[in-house]
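In our numbering, the protein residues as written are 346 to 828.
Have a look at the structure below, then the notes.
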């Protein structure tokens, strides 16, 4: 007796077997568990069936699976089928899906992130490429990755345990399942809140010092700016592109935690984005209610100030942050990220397209958003991402850097460096027509500075086929700063 068992095989953009390129997006299939079988038997699942375990395979299981048919069959004395008497139910194959992922961009993003991680000694990394106008995810890379073909063919216990023991958690999709302090990228939220709530005006100047004295704290108990000399008087747009910490400490304290949280929620933080992938985290946005859930009446003033620069009591997923900046880039529409474009026929032709979904229009005024868009452009022309400005790109690259030091201390007592850069490419400064945005997060680098800007730079070089290599050695990035 020969038994035929279907096996999934995951390929790369060239049709070659490669289970790591899209592992976290596609996921994998595996035997249906006894617990699943109990609840799914009524839906036609059998004990030897496979089922989607993660990624698109799990989220779209009902569409991909299909249904069994049934026939009345005449058998001989040995139990062998002789003929089909009748077909009671026709078998129906599962439907095919077309992803929003662009295979070339996925490869470019993977290669750029791999280079940056190796060069800077980074342990984990994420790169997300999306279309701000539609919310379509064009690439989603989470490193380290795993081989989903190993799961499709039946992974050994030893191999599975090796994945589980890896401290950098290759089985987790760090783009959606893990949360991190966003650092200075969160100044988008604080700046929006300060303008909308009337804490400041577009032209009002605020003093910025090297150290911010925490209100109500003993003299000398202050929070440092990354620039220990301070910047002098700044307005909100200047503070955004210079990334002044003490400016945004002041904004947060004047706002209070609940008004700051209100605008964080407006940008989509504090809850899943709604992308149709399993395991998405909500993140942490501090508020009075959150503090009370922790057993205290409210956040401390120092925590509030640090929340204004995306530290301490703020944690977001990389996808949440990418989606927030997409709403800045597209003129104020918070989109639901899409990973599937639609359903196709057997020839691969799109037969049923899935429509982009607007979660909401941001409550911020057009003038507030424009101020921050111009500030985002200046981040590249004059701010912390100026190391990208010389790359010849067909547009006015705009965005924001962010760095943070947190986690387990190194042997010398220093904390690991973590960096962000999110950049989008409009036709001109302040425009809302960008169709390409790239976010990179680098976790636990061994060198200071912002290696994520170099990863995004490298991606754009490869994407636009720039002949000259503009990359810098990540070991020199501390000279550029990284806030």
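All C-beta atoms, glycine included, are put in the ideal place defined by N, C-alpha and C.
Presumed contact (8 Å Cβ cut-off) between residue i and residue j, rounded CB distance
i           : j           : result
residue 745 : residue 529 : 7 Å
residue 653 : residue 472 : Going by Cβ atoms, the distance from residue 653 to residue 472 rounds to 27 Å, so no, they are not a contact pair.
residue 441 : residue 688 : 7 Å
residue 513 : residue 489 : 5 Å
residue 485 : residue 520 : 5 Å
residue 661 : residue 524 : 6 Å
residue 496 : residue 375 : 6 Å
residue 716 : residue 531 : Not quite, the Cβ-Cβ distance comes to about 17 Å (not below 8 Å), so this is no contact.
residue 690 : residue 696 : 5 Å
residue 402 : residue 371 : 6 Å
residue 829 : residue 493 : No statement about residue 829 is possible, as the shown extent of the chain runs from 346 to 828 and does not include it.
residue 454 : residue 804 : 6 Å
Pair within 8 Å by beta-carbon distance, residue i and residue j
i           : j           : result
residue 568 : residue 610 : no
residue 646 : residue 596 : no
residue 729 : residue 589 : no
residue 673 : residue 533 : yes
residue 438 : residue 411 : yes
residue 798 : residue 704 : no
residue 602 : residue 632 : yes
residue 620 : residue 444 : no
residue 655 : residue 747 : yes
residue 789 : residue 433 : no
residue 377 : residue 404 : no
residue 665 : residue 613 : yes
residue 796 : residue 783 : no
residue 743 : residue 769 : yes
residue 735 : residue 670 : no
residue 749 : residue 774 : no
residue 466 : residue 458 : no
Nearest candidate by alpha-carbon position, reference residue i, set the options
i           : options            : result
residue 761 : 526, 722, 800, 406 : 526
residue 417 : 411, 641, 431      : 431
residue 570 : 547, 769, 552, 638 : 552
residue 562 : 732, 518, 650      : 650
residue 600 : 628, 539, 658, 548 : 539
residue 579 : 554, 559, 565, 560 : 554
residue 663 : 558, 731, 770, 764 : 764
residue 500 : 564, 373, 393, 415 : 373
residue 806 : 741, 695, 737      : 737
residue 481 : 796, 466, 668      : 668
residue 316 : 466, 722, 739, 774 : Here the chain covers residues 346 to 828 and nothing more, so residue 316 does not appear.
residue 573 : 565, 557, 564, 566 : 557
residue 560 : 547, 577, 598      : 598
residue 406 : 634, 643, 623, 693 : 623
residue 706 : 771, 678, 498, 455 : 678
residue 413 : 635, 435, 424      : 435
residue 547 : 711, 425, 758      : 711
residue 604 : 591, 592, 543, 510 : 543
Contacts around residue i, its chain only, beta-carbon distance under 8 Å, and the 5 residues preceding and following it disregarded
i           : result
residue 818 : 464
residue 812 : none
residue 626 : 521, 522, 523, 524, 617, 662
residue 450 : 474, 483, 484, 808
residue 421 : 427
residue 346 : Annotation note: pLDDT 47 at residue 346 (below 50); position unreliable, coordinate value reported separately. Once the five neighbours on either side are set aside, residue 346 has no close Cβ partner at all.
residue 504 : 495
residue 615 : 606, 609, 627, 628, 629, 630
residue 541 : 608, 708, 709, 710, 713
Close Cβ partners of residue i (< 7 Å) along its chain, the five nearest in sequence each way excluded
i           : result
residue 491 : 365, 368, 508, 515, 516
residue 720 : 582, 585, 586
residue 382 : 390, 392
residue 537 : 608, 709, 713, 717
residue 380 : none
residue 460 : 803
residue 657 : 648, 651
residue 591 : 553, 554, 557, 570, 575
6 Å CB neighbourhood of residue i in its chain, flanking five on each side removed
i           : result
residue 777 : 675, 676
residue 478 : 675, 780
residue 629 : 660
residue 518 : 369, 487
residue 635 : none
residue 643 : 633, 636
residue 686 : 443, 445
residue 702 : 681
Residue i: CB within 7 Å of a non-hydrogen atom of the ligand ATP
i           : result
residue 645 : Looking for the ligand ATP in the displayed structure turns up nothing, as the structure carries no ligands at all.
> Whole beta strand (DSSP E) runs in the stretch 724-804 with 3 or more residues, listed along the chain?
Replying inline: 743-750, 762-769, 782-790
> What are the start and end residues of each continuous alpha helix (DSSP H) run of 4 or more residues lying completely inside the stretch 526-607, in chain order?
Replying inline: 532-541, 581-587, 590-600
>> Quick check on the DSSP output: what are the complete beta strand (DSSP E) runs of length 3 or more inside the stretch 660-734, in order along the chain?
In response: 678-680, 685-689, 695-698, 703-706
>> Give the list of continuous alpha helix (DSSP H) stretches no shorter than 4 residues that lie fully inside the stretch 359-396.
In response: 368-371, 379-385
>> Extract the residue ranges of the alpha helix (DSSP H) inside the stretch 608-640, only unbroken runs of 4 or more that lie entirely within it.
In response: 633-638
> Can you give, in chain order, each stretch of the beta strand (DSSP E) that sits fully within the stretch 395-462 and has at least 3 residues?
Replying inline: The beta strand (DSSP E) runs of length 3 or more contained entirely in the stretch 395-462 are, from start to end of the chain, 395-397, 415-420, 426-434, 441-444.
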